[in-house]
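In what follows, a structure is listed as structure tokens, so that the remarks can point back to it.
Structure, rendered in structure tokens:
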């Protein structure tokens, strides 16, 4: 009896799903809405939901509505894998946006590729798109591009000896690999390199160790609240060398948390944080301002680069569906791979069969914190 | 040398927070025999409530109100859940505290959100720095040490010299005899949860400017605090203070010879070694551990 009831309910649910599925385009999303990477995942989820709502209000794409199915992975790779399977097997989505972190993305890269489901990751690690997987793309700039920007800025300031701090997440570890690989060719010596826990709340000990090495600058590569703690702890133990952060610093929240200690932090980042300061004829200006205004009036918080990654992931899928004039996975995939000159929040995307990031070195700008706000850093080369 | 001193200072700072959590564990353990794994959540709640209130009130008032509110919340928790479950074994109740910890964490995420917050520094700003024999530290570190130290001392004196304190100790030593002597066991247990929660909340306020406050900070603190309590020896709050400082120092000093990534591993390796040699903890006597 009981089993019969369950069976009937299941059948009904399956039928309902079938009927619903006929005219909807299903897009899945895996975001770390909670947990240590919540500063990334929460604005990403809010952004994707906002864009889906807006698109549906305007009639959808190809005359069909989009149904966005967001799963909260809490930044946990195991959860990402099981939600990913659920999205592919049960929800039969066309594409998956996210995950928010590199560690999670690397866990599901092969799965999505094997199951022929498009994955547009919002995480930055180089290894997501190198080697290239046919169905896997990513929207943030590459680690190597960010590291190159940092090293160029250091060259302009005559810095040659640095201490490196990374967190133990996938993002931190991938960044560490890039920094260590690129430092020698840029004439930078790494005097100390330390990994800390992504939930760390006190880093004075690690910084004391780095300080004892007489470094000329510190690079911190992480996505977690520790970014603000590094800045504070440095000043508290009396270190006054420049602090470079990764493109993971791209949120005003971190600046607010760092308080006065955040002044002068240098980091490479997309242009969302300085959208107003761009000239009107900049190719990204219109996209940036539209996203910024829509997000800020809806979510009552500052738009940052993380939400931008989700914006671009969503916008790229929709653009590819339009270009393919189809929702067949392979046609959409081909259209995405051939997309050129698409102005997004993080830069102007031009994909190719060998480049699934689609962004060039110029998609990043060296930013600094001035009076509690972001500003474009003075070009390093002009300095003596 | 100054680097070494810097490690010691870092260790004492985090250690004093672990100590506050460990003392909280002890206070409840002594009167109820329960290990309360929601102890870290009290720290988080203290910080969160104070940050919310600090938007309108002076920081000192916000902290005082937050400590009182979380203390009441802790007492309420005992009154709502544990008083009704007294027939269950302590093990059941421990599992319930784990459930409550998860519940409080998720509720906090809905009330506030996933963002990181912090109280303003009690004196100076995020860049203030005091020089001390070549090492440097934030003035807030002194606030943390002072506040946690005073609170633990006050608690200790309460246990020793007030009627309520003595009654609570009596409940720990022999619940049946205490009841026969006219002590209301239920009230004492409620009090112990209240004290413990208030102490956690106070620590949560003091560390908020340094470590920032986030809804999911409790679990880590509960584990480290438990390690500190076990290291010192369950049943003696003063041993818990020593345990907390020992765990903090072990963590931070390990970095002078090992990469930072091994911090937690070092702390727990030492804990396991100590418990193998002295199962009742470093400082507590065998009888104290048993009587709890």
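Residue numbers (this note's numbering), protein chains in the order written: chain A, 4 to 387; chain B, 5 to 296.
Backbone N, C-alpha and C define an ideal beta-carbon position, used for all residues, glycine too.
- By the 16-neighbour rule on beta-carbons within 10 angstroms, residue 238 of chain B is buried.
- At least one C-beta of chain A is nearer than 8 angstroms to the C-beta of residue 118 of chain B.
- Neighbours of residue 178 of chain A in chain B, taken as residues whose beta carbon is under 7 angstroms from its own, are absent, since the nearest beta carbon is some 15 angstroms off.
- Between the segment 55 to 68 of chain B and the segment 171 to 186 of chain B, the count of Cβ pairs shorter than 8 angstroms is below three; the stretches do not touch.
- At a cut-off of 8 angstroms between C-beta atoms, residue 259 of chain B counts as an interface residue with respect to chain A.
- Comparing alpha-carbon positions, the option among A:227, A:255, A:262, A:253 lying closest to residue 235 of chain A turns out to be A:262.
- Within chain A, no residue has its beta carbon less than 7 angstroms from that of residue 228 of chain B; the closest one is some 11 angstroms off.
- With a threshold of 8 angstroms between beta carbons, residue 239 of chain A makes contact with chain B.
- For residue 81 of chain A, not one C-beta of chain B is nearer than 8 angstroms to its own C-beta.
- With fewer than 16 other Cβ atoms inside 10 Å of its own Cβ, residue 99 of chain B counts as exposed.
- For residue 28 of chain B, the enclosing alpha helix (DSSP H) stretches over residues 6 to 36.
- Residue 144 of chain A sits in coil when the DSSP states are folded into three classes, being neither helix nor strand.
- Scanning its chain for C-beta atoms nearer than 7 angstroms, with the 5 sequence neighbours on each side dropped, one finds around residue 166 of chain A the residues 194, 195, 213, 216, 218, 221, in chain order.
- Between residue 18 of chain B and residue 252 of chain B, the C-beta gap is smaller than 8 angstroms, which places the two residues in contact.
- Classified as exposed, residue 62 of chain B has fewer than 16 neighbouring CB atoms from the shown chains inside 10 Å of its CB.
- Per the coordinates, the alpha-carbon of residue 115 of chain B lies some 44 angstroms from the alpha-carbon of residue 333 of chain A.
- For residue 11 of chain B, the closest Cβ of chain A is nearer than 8 angstroms.
- Comparing alpha carbon positions, the residue from A:29, A:75, A:55, A:56 closest to residue 44 of chain A is A:75.
- Comparing alpha-carbon positions, the option among A:298, A:89, A:119, A:266 lying closest to residue 310 of chain A turns out to be A:298.
- For the options A:107, A:157, A:130, A:330, the alpha carbon positioned closest to that of residue 77 of chain A is the one of A:107.
- In chain order, 207, 239, 240 make up the part of chain A whose C-beta sits under 8 angstroms from the C-beta of residue 141 of chain B.
- Under the criterion of beta carbons closer than 8 angstroms, residue 175 of chain B and residue 35 of chain B qualify as touching, at roughly 5 angstroms.
- Assignment of residue 241 of chain A by DSSP, reduced to helix, strand and coil, places it in the coil class.
- In terms of Cα proximity to residue 32 of chain A, the closest of A:57, A:331, A:90, A:352 is A:90.
- At least one CB atom of chain A sits nearer than 8 angstroms to the CB of residue 18 of chain B.
- Taking 8 angstroms as the threshold, the shortest C-beta distance from residue 104 of chain A to chain B does not fall below it.
- Unbroken alpha helix (DSSP H) runs of no fewer than 4 residues, entirely contained in the segment 217 to 276 of chain A, are found at 229 to 239, 255 to 261, following chain order.
- Measuring C-alpha to C-alpha distances from residue 171 of chain A to each of A:225, A:354, A:34 identifies A:225 as the nearest.
- Counting C-beta pairs with one atom in each stretch, the segment 211 to 225 of chain B and the segment 350 to 366 of chain A have fewer than three that are closer than 8 angstroms, which means they do not touch.
- For residue 125 of chain A, the three-state secondary structure derived from DSSP is coil.
- Chain A places no beta carbon closer than 8 angstroms to that of residue 240 of chain B, leaving this residue out of the contacts.
- Within the segment 48 to 101 of chain A, the runs of alpha helix (DSSP H) that reach at least 4 residues and sit entirely inside it are, in chain order, 80 to 92.
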